[in-house]
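Colleague: Chains as they are written, first to last, in this note's numbering: chain A, 61 to 406; chain B, 61 to 406.
All C-beta atoms in this analysis are idealised placements derived from N, C-alpha and C, irrespective of residue type, glycine included.
2 protein chains.
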Amino acid sequence: MNIAILFGGSSYEHEISIVSAITMKKVLQKSQLTFIFVDQNREFYLVESAQMQSKHFSSGAYRKNKKLSLKKGGFYIGALLGEKKITFDTALNLIHGRDGEDGKIASLMEFYEISFISPRLEASVLSYNKLYTKLFAQSIGVKTLPYEHLTKNGNRTAAMPYPLIVKPVRLGSSIGVSIVRDAQGLEYALDVAFEFDNDVIVEPFLEGVKEYNQAGCKTDEWELSIIEEPHKEEFLDFEKKYMDFSRDGNVLAAQIDEGLAERIQENFKKIYDPLFLGSLIRCDFFVYKGEVILNEINPIPGSMANYLFENFEGVLTRLAGHLPKEKPIAINYDYIHSIQNAKGKA
Amino acid sequence: MNIAILFGGSSYEHEISIVSAITMKKVLQKSQLTFIFVDQNREFYLVESAQMQSKHFSSGAYRKNKKLSLKKGGFYIGALLGEKKITFDTALNLIHGRDGEDGKIASLMEFYEISFISPRLEASVLSYNKLYTKLFAQSIGVKTLPYEHLTKNGNRTAAMPYPLIVKPVRLGSSIGVSIVRDAQGLEYALDVAFEFDNDVIVEPFLEGVKEYNQAGCKTDEWELSIIEEPHKEEFLDFEKKYMDFSRDGNVLAAQIDEGLAERIQENFKKIYDPLFLGSLIRCDFFVYKGEVILNEINPIPGSMANYLFENFEGVLTRLAGHLPKEKPIAINYDYIHSIQNAKGKA
């Protein structure tokens with residue numbers, strides 16, 4: 061199996077995508093990997109495996125790599141005498157944040173008919189935007205926290221009691237997220253969050269809530285990871301999260317009873333099937349007052365949540381064999397022909 | 061103003077997109093137009109204005125036109141000695157159905173940083189999928205009809221009383237839509253609808269309901285069309301709709317009182333702003349038992365609903381000057397540098 065790792069992108073999470081890609085090199089040992097970097101100008105570069113070190117990108121050295129162009133069926137290296145297609149079996153969309161998670165990469169892959177592992181277009185839009193995630197979850201009977209939606213030029217107060225958590229609607233990796241305990245804190249947190257997005261949601265901050273992470277995908281059967289109880293501080297700031305994205309060792313399963321594990325898994329399955337077919341996602345749940353509550357969907361989780369699977373490479377390889385394909389549409393111009401015929405008779 | 065009309069696409073509505081594009085040639089007399097055809101294989105062709113006749117496409121003659129490639133900043137004609145960029149001020153996404161309305165063209169234009177008139181990515185996904193339109197409308201306080209969601213491999217019965225209207229979730233132009241009056245009719249209608257989509261919605265069919273269409277966009281101010289009461293049969297079949305897509309004459313405003321007109325306009329504005337900024341859409345409303353109910357959002361209406369505007373070309377030209385731009389994201393590798401420094405010290 062030759063997997064093309066697509067990483068980088070025009071995103072606040074550009075750098076952690078690089079870290080995730082470097083981690084893939086460590087954990088996908090049996091696969092052939094083709095690294096395709098999307099730089100901040102959205103130019104594609106073919107990066108050699110030996111060059112997969114953060115410095116190669118931060119120093120700008122990647123610009124000496126071959127540029128690729130995206131066309132029907134794949135990525136091409138330009139050459140004086142014609143073009144050469146880069147060969148791989150499937151692409152893995154590993155671009156966190158904008159471009160990767162918002163649906164653009166999924167659109168490009170579908171439009172150019174390239175096999176790819178990633179949430180598809182609808183799944184991307186519904187999970188990248190935290191407001192739409194709420195609407196979607198509600199529609200399938202998955203609980204989420206209550207929230208208030210604030211807009212950049214709108215009202216800057218919250219009706220809910222403190223403490224609150226403030227999040228830009230369209231970002232991951234805790235960027236722009238703050239916990240606030242009073243009105244002054246809220247004012248400052250909104251300034252920060254509105255730097256990143258025109259839409260912000262405010263939710264109750266549940267002190268000491270239990271959090272559980274479940275990753276997985278569906279092939280011929282469900283391929284669910286262990287459930288992890290992440291031991292973290294209040295929440296991860298960007299640098300800690302950054303380190304988090306390079307995780308490659310296995311972790312221990314949370315010590316929870318079977319009933320709770322099943323309820324977490326059932327919620328995961330409701331979210332995943334059918335919207336997320338073709339992708340491997342991680343859902344973060346809270347358990348509060350006995351209820352399982354969706355906190356967030358990570359449509360392209362850091363380092364693909366490899367550390368939650370006993371055999372991550374096996375799961376990913378099987379997923380590559382179970383990717384949804386767009387329906388072919390044959391266009392035969394029947395209607396135009398019939399209109400033309402009708403006109404001819406008139 | 062030079063507008064590039066993007067039309068065609070890999071869609072059941074490919075042919076009506078051609079008709080819409082031909083109509084644009086008739087109604088945009090003061091603008092320079094560049095016609096870019098997306099064929100069923102998703103190859104781009106530059107079509108000359110004089111060739112804009114349906115036969116040019118149905119006969120396959122378009123294949124003799126110059127092929128274009130999509131790259132950063134625009135469309136390019138390949139040439140032995142370098143490439144030449146096609147110049148235009150803004151693209152108008154006129155691809156009805158898949159590719160155009162599902163978010164793919166919006167993604168391509170944003171990714172390659174090309175100015176374009178069209179619903180953006182989120183607006184596309186929420187309006188192309190009739191289920192998500194319901195969720196969205198509900199979230200902003202716009203009424204829609206009750207519905208049941210049926211899936212291809214699921215239960216094939218409806219709990220609602222007949223008559224019912226059956227619609228594939230992801231199609232426009234009444235394709236695959238049926239009105240059914242009994243269980244046998246439903247069975248047949250579902251067979252038809254599931255030919256087009258794995259998801260179908262069933263709604264009550266409101267006999268003799270009043271329908272009103274409102275088109276518009278927002279520039280410095282609201283640019284709303286007249287409200288039309290379309291005089292049509294039960295609903296348009298594909299061929300009648302097809303003729304409908306070539307409308308270019310002005311129509312008369314519906315004879316309704318000011319209060320109702322205002323309520324229709326208020327509903328339109330709630331739907332449009334901010335989700336649809338950058339696009340010109342048409343919303344079809346029902347008025348039933350005194351309530352204004354959203355029937356559907358046409359994110360790329362047939363012939364751009366030009367016939368509803370007194371000065372369509374003026375509206376479109378002003379809209380071209382009010383297109384939302386993606387926020388630029390500067391990537392300076394601060395985090396990678398700080399991690400590298402920390403490692404250096406360790």
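Straight-line CA distance for Gln89(A) to Phe148(A)?
Modeller: Distance between the alpha carbons of Gln89(A) and Phe148(A) is about 16 Å.
Colleague: For Val185(A), which residues in the same chain have their Cβ closer than 6 Å to its Cβ, ignoring the five residues on either side in sequence?
Modeller: The answer, listed in chain order, is Gly163.
Colleague: What three-state label does DSSP hand Thr147(A) in the structure shown?
Modeller: Coil, per DSSP.
Colleague: Check whether the Cβ atoms of Lys271(A) and Asp344(A) lie closer than 8 Å to each other.
Modeller: It is Glu, not Lys, that sits at residue 271(A) in the sequence shown. Taking 8 Å as the Cβ cut-off, Glu271(A) and Asp344(A) qualify as a contacting pair.
Colleague: Do we get a CB-CB distance below 8 Å when we pair Asn189(A) with the residues of chain B?
Modeller: Interface residue, yes.
Colleague: Could one say the Cβ of Val229(B) lies closer than 8 Å to chain A's Cβ atoms, at least one of them?
Modeller: It does not; no Cβ of chain A falls within 8 Å.
Colleague: Would you say His156(A) lies against chain B (beta-carbon separation less than 8 Å)?
Modeller: Answer no: the Cβ-Cβ gap between His156(A) and chain B never drops below 8 Å.
Colleague: What number of angstroms, rounded off, separates the C-alpha of Ile261(B) from the C-alpha of Val229(B)?
Modeller: Distance between the alpha carbons of Ile261(B) and Val229(B): 6 Å.
Colleague: Tell me whether the beta-carbon of Ile137(B) lies closer than 8 Å to the beta-carbon of Met112(B).
Modeller: Contact: no.
Colleague: Excluding sequence positions up to five away, which residues of its chain have a Cβ less than 8 Å from the Cβ of Leu284(B)?
Modeller: Closer than 8 Å at the Cβ level, and outside the excluded window around Leu284(B), lie Gln274, Ala275, Gly276, Gln325, Phe328.
Colleague: Can you confirm whether Ala406(A), when its beta carbon is compared against all beta carbons of chain B, has any partner nearer than 8 Å?
Modeller: Residue placement at Ala406(A) cannot be trusted, given a pLDDT of 40 that sits under 50; what the coordinates show is reported in the next sentence. Not an interface residue.
Colleague: Return the Cβ separation of Phe256(B) and Ile235(B) in integer angstroms, given the expectation that the two are a contact with Cβ distance under 8 Å.
Modeller: Going by Cβ atoms, the distance from Phe256(B) to Ile235(B) rounds to 6 Å, so yes, they are a contact pair.
Colleague: For Gly342(A), which beta-bridge partners are listed by DSSP?
Modeller: Sequence check: residue 342(A) is Arg here, not Gly. According to DSSP, which records beta bridges pairwise, Arg342(A) is partnered with Ala275(A), Asn358(A).
Colleague: Of all the CB atoms in chain B, is at least one closer than 8 Å to the CB of Gly163(A)?
Modeller: By this cut-off, Gly163(A) is an interface position.
Colleague: Write down every uninterrupted run of the alpha helix (DSSP H) in the segment 130 to 194 of chain B whose length is 4 residues or greater and which is fully enclosed by it, in chain order.
Modeller: Runs found: 164 to 171, 181 to 188.
Colleague: Check the DSSP bridge columns for Ile63(B) and list the partner residues they point to.
Modeller: BP columns for Ile63(B) point to Leu93(B), Thr150(B).
Colleague: My guess is that Gln100(A) and Ile391(B) are in contact by the Cβ rule of under 8 Å, so how many angstroms apart are they, rounded?
Modeller: Yes, they are in contact, since the Cβ atoms of Gln100(A) and Ile391(B) sit about 4 Å apart, within 8 Å.
Colleague: Tell whether a beta-carbon distance below 8 Å holds between Glu182(A) and Leu335(A).
Modeller: Yes, the Cβ-Cβ distance between Glu182(A) and Leu335(A) is below 8 Å.
Colleague: Is the CB of Ile419(B) under 8 Å away from at least one CB in chain A?
Modeller: Outside the displayed range of chain B (61 to 406) lies residue 419(B), so it cannot be described from this structure.
Colleague: Alpha carbon to alpha carbon, what distance is there between Ser175(A) and Lys405(A)?
Modeller: In this prediction, Lys405(A) scores a pLDDT of 48, lower than 50, which makes its location untrustworthy; the coordinate-derived value is nonetheless stated afterwards. Near 47 Å, if we compare the C-alpha coordinates of Ser175(A) and Lys405(A).
Colleague: Using DSSP's beta-bridge definition, name the partner residues of Ser238(A).
Modeller: BP columns for Ser238(A) point to Val226(A).
Colleague: Assign Asn62(A) to buried or exposed, taking buried as 16 or more other Cβ atoms, counted over all protein chains shown, within 10 Å of its Cβ.
Modeller: Looking at its Cβ environment, which holds fewer than 16 other Cβ atoms inside 10 Å, Asn62(A) is exposed.
Colleague: Which of the three DSSP states is assigned to Phe265(B) in this structure?
Modeller: Note: Phe265(B) maps to coil in three-state DSSP.
Colleague: Throw me the rounded Cβ distance for the Ile231(B) and Gly160(B) pair, which I believe falls under 8 Å.
Modeller: Position check: residue 231(B) holds Leu in this sequence, whereas Ile was assumed. Leu231(B) to Gly160(B), Cβ: 12 Å. No contact.
Colleague: Roughly how many angstroms lie between the CA atoms of Ser363(B) and Trp282(B), to the nearest whole one?
Modeller: Distance between the alpha carbons of Ser363(B) and Trp282(B) is about 20 Å.
Colleague: What three-state label does DSSP hand Phe104(B) in the structure shown?
Modeller: Looking at Phe104(B) - three-state DSSP - the assignment turns out to be strand.
Colleague: Alpha carbon to alpha carbon, how far is Leu130(B) from Val79(B)? Give it in angstroms, no decimals.
Modeller: The alpha-carbon atoms of Val79(B) and Leu130(B) are separated by roughly 24 Å.
Colleague: Going along the chain, which residues of its own chain have a beta-carbon closer than 8 Å to the beta-carbon of Ala197(B), five neighbours each way excluded?
Modeller: Excluding residues within five positions, the ones whose Cβ falls inside 8 Å are Lys203, Thr204, Ile331, Leu354.
Colleague: To the nearest whole angstrom, what separates the beta carbons of Leu93(B) and Ile76(B), a pair I think is in contact under 8 Å?
Modeller: Contact flag wrong, Cβ pair sits at about 19 Å.
Colleague: Counting only beta-carbon atoms, is Lys203(B) nearer than 8 Å to chain A?
Modeller: Cβ-Cβ to chain A under 8 Å: no for Lys203(B).
Colleague: Work out the CA separation of Lys278(A) and Gln400(A) for me, nearest whole Å.
Modeller: Going by the C-alpha atoms only, they are around 48 Å apart.
Colleague: Kindly indicate which three-state DSSP category Ala406(B) falls into: helix, strand or coil?
Modeller: Low per-residue confidence applies at Ala406(B): pLDDT is 40, beneath 50, and the placement is therefore not dependable enough to give any value.
Colleague: Run the CB neighbour count on Arg123(B), radius 10 Å, all protein chains shown included, and call it buried at 16 or more, exposed below.
Modeller: Exposed, because fewer than 16 other Cβ atoms sit within 10 Å of the Cβ of Arg123(B).
Colleague: Asp159(A) touches chain B at which residues, Cβ-Cβ below 8 Å?
Modeller: Per Cβ cutoff of 8 Å: Phe171.
Colleague: Using only the heavy atoms of the ligand ZN, determine whether one of them is closer than 7 Å to the beta carbon of Ile324(A).
Modeller: Judged by which ligands are present, the structure shown has none, so any question about the ligand ZN falls away.
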